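Below you'll find the structure, written out as structure tokens, and then a few comments.
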Amino acid sequence: MLQSVNTALDRVLDGVQVGSLWMARAGGVLILLTVGMVTIEVFSRQLMGRSAVHATELTGYVMAISTSWAFAFTLVRKAHIRIDALYLNFPMRIRAWLDLLALLAMALFCILVVGAAFEVAKDSFTGGARANTPLGTPVWIPQFLWVIGLAWFSLAVGLMSLRVLLGLVSGDFAGVQNLAGSPTLDEQISDENHEATS
Numbered sequence: 023m024l025q026s027v028n029t030a031l032d033r034v035l036d037g038v039q040v041g042s043l044w045m046a047r048a049g050g051v052l053i054l055l056t057v058g059m060v061t062i063e064v065f066s067r068q069l070m071g072r073s074a075v076h077a078t079e080l081t082g083y084v085m086a087i088s089t090s091w092a093f094a095f096t097l098v099r100k101a102h103i104r105i106d107a108l109y110l111n112f113p114m115r116i117r118a119w120l121d122l123l124a125l126l127a128m129a130l131f132c133i134l135v136v137g138a139a140f141e142v143a144k145d146s147f148t149g150g151a152r153a154n155t156p157l158g159t160p161v162w163i164p165q166f167l168w169v170i171g172l173a174w175f176s177l178a179v180g181l182m183s184l185r186v187l188l189g190l191v192s193g194d195f196a197g198v199q200n201l202a203g204s205p206t207l208d209e210q211i212s213d214e215n216h217e218a219t220s
């Protein structure tokens with residue numbers, strides 16, 4: 023029974039990984055568009071003496087959105103910065119429990135942040151808040167796009183936490199290490215070599 027639940031969760035997490043990749047790519051496209059806007063603004067100020075776009079305002083929105091859209095991808099790729107000098111010296115069983123503790127702490131962070139971010143976006147929407155800039159952007163638009171990234175990240179953290187918990191209950195410590203553990207130096211080198219050849 024537990025094995026079938028783990029298998030189903032693994033399939034769901036595969037979908038989350040694909041969705042996270044596409045969200046990170048979309049965030050990358052937004053950053054490239056921002057680079058284009060800033061370039062146009064620099065040239066328009068040089069040539070016409072005024073700005074043709076409002077890059078300063080828009081880049082702030084893009085940075086917040088693209089960052090939140092990349093959080094889940096960073097999680098599933100185990101790319102968050104970790105201080106693991108002691109962690110890697112522990113037996114796999116202890117590391118697995120520490121991985122669950124780290125994920126649960128991140129889940130608590132997500133609950134607090136997503137709740138607060140949603141309230142901010144909702145208040146901006148109901149209050150009709152606009153940016154105090156020449157564009158007068160309705161700020162709920164970038165705020166809700168920002169919340170979407172945070173909510174997706176929260177979903178990824180929640181599903182991964184559940185999968186790690188069930189892995190611990192079933193005694194699959196190697197599976198927990200593979201899913202959520204801090205990669206060893208050898209694993210990082212292996213991943214880099216695999217990406218370079220593919």
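Heads up, the sequence shown is in the numbering used here, so the first residue is 23 and it goes up one at a time. Backbone N, C-alpha and C define an ideal beta-carbon position, used for all residues, glycine too. Nothing here was measured: the structure is a model prediction, and the numbers come from that model.
Closer than 6 Å by C-beta to A46: which residues in its own chain qualify, once you throw out the five before and the five after it? Chain order, please. Locating residue 46 in the sequence shown gives position 24, where the first residue counts as 1. Counting only Cβ-Cβ distances below 6 Å, and skipping sequence neighbours, we find A92 and F95.
For the alpha helix (DSSP H) that L108 lies in, which residues bound it at each end? In the sequence shown, residue 108 corresponds to position 86, counting from 1. Neither: L108 is in no alpha helix (DSSP H) and is coded neither H nor E.
Just verifying my parser: in three-state terms, what is the DSSP assignment at P160? Taking the first residue of the sequence shown as position 1, residue 160 is located at position 138. Note: P160 maps to strand in three-state DSSP.
How would you write the range of the alpha helix (DSSP H) that D145 sits in, first residue to last? As a position in the sequence shown, residue 145 is number 123, starting the count at 1. Counting along the chain, the alpha helix (DSSP H) containing D145 begins and ends at M114 to G149.
Indicate the three-state DSSP secondary structure (helix, strand or coil) for R152 in the structure shown. If you number the sequence shown from 1, residue 152 lands on position 130. Reduced to three states, the DSSP call for R152 is strand.
Among the candidates Q25, V34 and L24, whose CA atom is the shortest distance from the CA of V179? On the sequence shown, position 157 is the one that residue 179 refers to. The residue with the shortest Cα to Cα distance from V179 is V34.
With distances taken Cα to Cα, identify the nearest neighbour of T89 among I163, G197 and V169. Your numbering for residue 89 matches position 67 in the sequence shown. Among I163, G197 and V169, the Cα nearest to that of T89 belongs to V169.
Determine, using beta carbons only, whether V161 and A151 come nearer to each other than 9 Å. The count along the sequence shown starts at 1 and reaches residue 161 at position 139. The count along the sequence shown starts at 1 and reaches residue 151 at position 129. In contact: V161 and A151 (Cβ atoms closer than 9 Å).
Take R104 as the anchor and find which of A143, P164, M128 and L54 has the nearest alpha-carbon. Within the sequence shown, numbered from 1, the residue matching residue 104 stands at position 82. When each option's Cα is compared against that of R104, the closest is M128.
C-alpha distance - L172 paired with L80, whole-angstrom precision: Position 150 of the sequence shown, counting from 1, holds the residue named residue 172. Position 58 of the sequence shown, counting from 1, holds the residue named residue 80. Answer to the nearest angstrom: the Cα atoms are 19 Å apart.
For M85, name the three-state secondary structure that DSSP assigns. The sequence position of residue 85 within the sequence shown is 63, counting from 1. M85: helix per DSSP, three-state reduction.
Rounded C-alpha distance that separates Q165 from Y109: For the purposes of this step, residue 165 is identified with residue 143 of the sequence shown, where counting begins at 1. For the purposes of this step, residue 109 is identified with residue 87 of the sequence shown, where counting begins at 1. Taking the straight line from one Cα to the other gives about 37 Å.
If you measure from the beta carbon of F147 to each beta carbon in chain D, is any gap under 9 Å? The structure shown contains no chain D; it is built from a single protein chain.
Taking the straight line between their C-alpha atoms, what separation do you get for R185 and H76? Counted from its first residue, the sequence shown places residue 185 at position 163. Counted from its first residue, the sequence shown places residue 76 at position 54. When rounded, the distance between both Cα atoms is 44 Å.
For V198, is the classification buried or exposed, using 16 other Cβ atoms within 10 angstroms of its Cβ as the cut-off for buried? Taking the sequence shown and counting its residues from 1, one reaches residue 198 at position 176. With 16 or more Cβ atoms within 10 Å of its Cβ, V198 is classed as buried.
Taking the continuous alpha helix (DSSP H) assigned at M70, which residues delimit it? Taking the first residue of the sequence shown as position 1, residue 70 is located at position 48. Element bounds for M70: L24 to M70.
How is S90 classed by DSSP in three states: helix, strand or coil? For the purposes of this step, residue 90 is taken as residue 68 along the sequence shown, with counting starting at 1. Reduced to three states, the DSSP call for S90 is helix.
Is S192 helix, strand or coil by DSSP? If you number the sequence shown from 1, residue 192 lands on position 170. In this structure, S192 counts as coil in the three-state DSSP scheme.
Would you mind sorting R72 into buried or exposed? The rule is 16 or more other CB atoms within 10 Å of its CB. For the purposes of this step, residue 72 is taken as residue 50 along the sequence shown, with counting starting at 1. Under this definition R72 is an exposed residue.
For I103, name the three-state secondary structure that DSSP assigns. Stepping through the sequence shown from its first residue, residue 103 is reached at position 81. DSSP places I103 in coil when its eight states are reduced to three.
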